[in-house]
Every structure is written in structure tokens, then in C-alpha cells.
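To start, the structure itself, in C-alpha cells.
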């Protein structure tokens, strides 16, 4: 795996905002939220002035215009200055944002007074200090609450992301392939009779160890996971020989799709450990994939003999994989199992787009 690929891990599966506490106010959702919030503020101010029975639609329209003006202008300025503000110390960045909002509101309030005076065709104009002070104080209170909310929301998000990352790493670290306990004996037995096969087994084993120890943030693709599975299969074929056959049904699926590491390999391991090696004649494991409407679906199926006593493992692979998928992709991710006509299959799916690896 390329070093450049590891360096771009921040954008593989999740785009995690870090650094300055202000969100990106240029996003459409943020703008719509500010528009709605401005309307609610205008409604509250109008109700405070005129009450319900004498509700002033003209006053509401003027207050709505000013609130929209102030909110959107502040958002536009903070959006443009966010990169510069994020390079400041936190206290300076927060103070600069706060001061910028108050300056904008005061300037817009003065501009509004001037326009209203012009609209009344009064040739003379002087600022209304009381009104300007009241408007600025209201803006100071609301801006302070908003900035405090953004800061606490960012702290909570960072704490949740840290806890999630720790959880994913803990779950991943618990997935230990069964075959590792026997792999060294297999390699030792191959050194004398098949040195090239022993060397290839060492390389495959190293790849599996590397994947197991990798940071869970490291970007992986479906192609990477398939290659890891093939390394595992080669090691097991040294032990099981022709009893183990694997069919890959991957045609038409983009191999560049993002995929968490160690998802398919433990499922393939279970299929071999609980299915193939219990059958004297062996059997075929089928790995199939499909990609439709932004959903990647994968399945692994294997033959098994229901009359044979079931070999219980540590029972953590399937729950851990399901927990990791849910943690990363939410409720749209799923993992199900099925037993039918002497075959056992596991199906998993999760949302992923072709652009996630760019």
C-alpha cells in the first residue's frame, strides 16, 4: 500500500471537521437554518412590540428584512474569513468573530436608519443612539449564545469522534484470525520441501499482520480487502490443499470502493474454519459482491454439515464487524446470516460512493 494513500486517510470514509469551532456557514443547510432562525427572531421581536391582538405585519416585515440582512451578512463574512480565523489562537479567533458580528450589526443598523429616514423624505438625518444601542446589545447576547453553542457542539463532536475511534480500534484489535496459531507450523513444514511456498506464506502472513495492526483510519478499498483475503486463502490452501476452493464473483463491481479493513477476511476465515475444514471432502466458498444505487453488498457462503457437532469459536467476529459497520455508516449498514440447504451465508451491506476514495 502506498504511503501517499495512508497520508490521505482523513478523507477516506468520513470527512471529519477539525480545528476552528465555527462550522462552515457557506453550506446550504447552514444558510437555510440561519434564514429560519432570523424569521423566528423577527417574529419574537414583533410580538414583543405589538402583541398578538395588534400584530404589525409592517413591523414584522421590516424586522424580518433587518434580521435576514444581519444574519446572512455575518454568515458570509465568517465563511470567507474562517480559514484566517482558524489559524488564530482560539481566544483570538472567538473574540474576532464576536467583534466582527457586532460591528456588522451596528453598521447595518445605522444603514437601516439612514434608509428609513430617506424613505420618509426627511432631508435631515441623525442616528438614533438608543435604538442603535438596543440593537447592538441584542446582537451581543445572541452572538455570544451562538458562538458558545458552536464551541460546545465542536467539543462534543470531537469527544464523540475520539470515543468512536477508540471503540473501532478496540473492536478491530479483538479480531484475531484463528489460523495465526498454526501458520508458523505450516511455514516451518514448508521450508525444507517447498521453500518458495514457505517464502510466499511468510509474505502473506506479514500482509495479514500488517492489516491487523493498521490504524483503522487508514484508507482501504475493496481491492485491498480482496487481496488480503487472497493472501489468507493461500495460507489455508497450504494446510487444506484441494479441499479448499474459493470462487470470486466480483464482475462489474468497482474495486476502488472504500471499505473498512478486516471485514471480509474474518468472514472468509469463519467460512473455512467452521465449514470447509469440518468436511472430509472439503468444498467451495463463494465470495460475491454487487454495487447498486450507492450500496455495496457482499456475501460469503460455504457448505456445512448440520449433522456434525458445531465448533464454537470466540463468537466475536460477526458482532464486531456489525458494530464497526454501524459505527461507521449508521443504520443503513447491515449484517445478516442465513442457513439453507446445507449452505451457510453471511451478507453485509453499507452505503459508499465512488468519490469516497478521491
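In the working numbering, the protein residues as written are 23 to 380. Note that beta-carbon positions come from the ideal geometry of N, C-alpha and C, so glycine has one too.
Spatial neighbours of residue 311 within its chain, please: C-beta separation below 6 Å, excluding the five flanking residues on both sides.
Counting from one through the chain shown, the residue named residue 311 turns up at place 289. Hits under 6 Å: 272, 275, 320.
Just how far apart, CA to CA, sit residue 223 and residue 369?
Position 201 of the chain shown, counted from the start, is the residue given in the question as residue 223. Position 347 of the chain shown, counted from the start, is the residue given in the question as residue 369. In a straight line, the C-alpha of residue 223 is about 29 Å away from that of residue 369.
Spatial neighbours of residue 268 within its chain, please: CB distance less than 6 Å, with the 5 preceding and 5 following residues excluded, ordered by chain position.
By one-based count along the chain shown, residue 268 stands at place 246. So the qualifying residues of the chain are 255, 307.
Using DSSP bridges, identify the partner residues of residue 325.
If you number the chain shown from 1, residue 325 lands on position 303. The partner list for residue 325 (beta bridge, DSSP) reads 365.
Using a threshold of 8 Å, state whether the C-beta atoms of residue 43 and residue 173 are closer than that.
To locate residue 43, count along the chain shown from 1; it is residue 21. To locate residue 173, count along the chain shown from 1; it is residue 151. For residue 43 and residue 173, yes; Cβs fall inside 8 Å.
Between the Cα of residue 270 and those of 297, 323, 327, spot the shortest distance and give me the residue it belongs to.
Locating residue 270 in the chain shown gives position 248, where the first residue counts as 1. Ranking 297, 323, 327 by Cα distance to residue 270 puts 323 first.
Throw me the rounded Cβ distance for the residue 166 and residue 120 pair, which I believe falls under 8 Å.
The residue labelled residue 166 in the question sits at position 144 within the chain shown. The residue labelled residue 120 in the question sits at position 98 within the chain shown. Right, their Cβ atoms sit about 7 Å apart.
Pick helix, strand or coil for residue 160, following the three-state DSSP scheme.
For this step, residue 160 is matched to residue 138 along the chain shown. Looking at residue 160 - three-state DSSP - the assignment turns out to be helix.
Classify residue 207 as buried or exposed, calling it buried when 16 or more other Cβ atoms lie within 10 Å of its own Cβ.
Position 185 of the chain shown, counted from the start, is the residue given in the question as residue 207. Exposed is the call here.
If you compare alpha carbons, which of 175, 244, 85, 168 is closest to residue 277?
Reading the chain shown from its first residue, position 255 is the one you call residue 277. It is 244 whose Cα lies nearest to the Cα of residue 277.
Go ahead and pull the three-state DSSP assignment for residue 336.
Within the chain shown, residue 336 is the residue found at index 314, counting from 1. Here the model assigns residue 336 a pLDDT of 41, short of 50, so the residue's position is not dependable and the matter cannot be decided.
Rank 56, 55, 85 by C-alpha distance to the C-alpha of residue 69 and give the top, closest one.
Indexing the chain shown from 1 puts residue 69 at position 47. It is 85.
Taking all protein chains shown into account, decide if residue 138 is buried (16 or more other Cβ within 10 angstroms of its Cβ) or exposed.
Residue mapping note: residue 138 aligns to position 116 of the chain shown, counting from 1. Per the 10 Å Cβ criterion, exposed.
Drop a sphere of 10 angstroms on the beta-carbon of residue 213, count the other beta-carbons inside from all chains shown, and report buried for 16 or more, exposed for fewer.
Translated into positions along the chain shown, residue 213 becomes position 191. Exposed.
For residue 319, which three-state DSSP category applies?
Along the chain shown, read from residue 1 onward, the residue named residue 319 stands at position 297. Reduced to three states, the DSSP call for residue 319 is strand.
Could you tell me which whole beta strand (DSSP E) segments of length 3 or greater appear in the stretch 211-288?
You should have 266-271.
From this set, 376, 263, 58, 169, which residue's C-alpha is nearest residue 118's C-alpha?
Counting from 1 along the chain shown, the entry for residue 118 is found at position 96. Nearest C-alpha to residue 118: 169.
Is the distance from the Cβ of residue 286 to the Cβ of residue 371 below 8 Å?
Position 264 of the chain shown holds residue 286. Position 349 of the chain shown holds residue 371. No, Cβ-Cβ distance for residue 286 and residue 371 is not below 8 Å.
Please give me, in chain order, every unbroken run of the alpha helix (DSSP H) with length at least 4 that falls completely inside the stretch 60-126.
Complete alpha helix (DSSP H) runs here, min 4: 79-108.
To the nearest angstrom, how far is it from the Cα of residue 261 to the Cα of residue 362?
In the chain shown, the residue the question calls residue 261 occupies position 239. In the chain shown, the residue the question calls residue 362 occupies position 340. Roughly 28 Å separates the two Cα atoms.
Which two residues bound the contiguous beta strand (DSSP E) that contains residue 309?
Counting from 1 along the chain shown, the entry for residue 309 is found at position 287. Where residue 309 is concerned, the enclosing beta strand (DSSP E) stretches over 305-314.
Using the Cα positions of residue 336 and residue 231, report the straight-line distance between them to the nearest angstrom.
Walking along the chain shown from the start, residue 336 turns up at place 314. Walking along the chain shown from the start, residue 231 turns up at place 209. Unreliable placement is indicated for residue 336, whose pLDDT of 41 sits below 50; the coordinate value is still reported in the next sentence. So the alpha carbons of these two residues sit roughly 19 Å apart.
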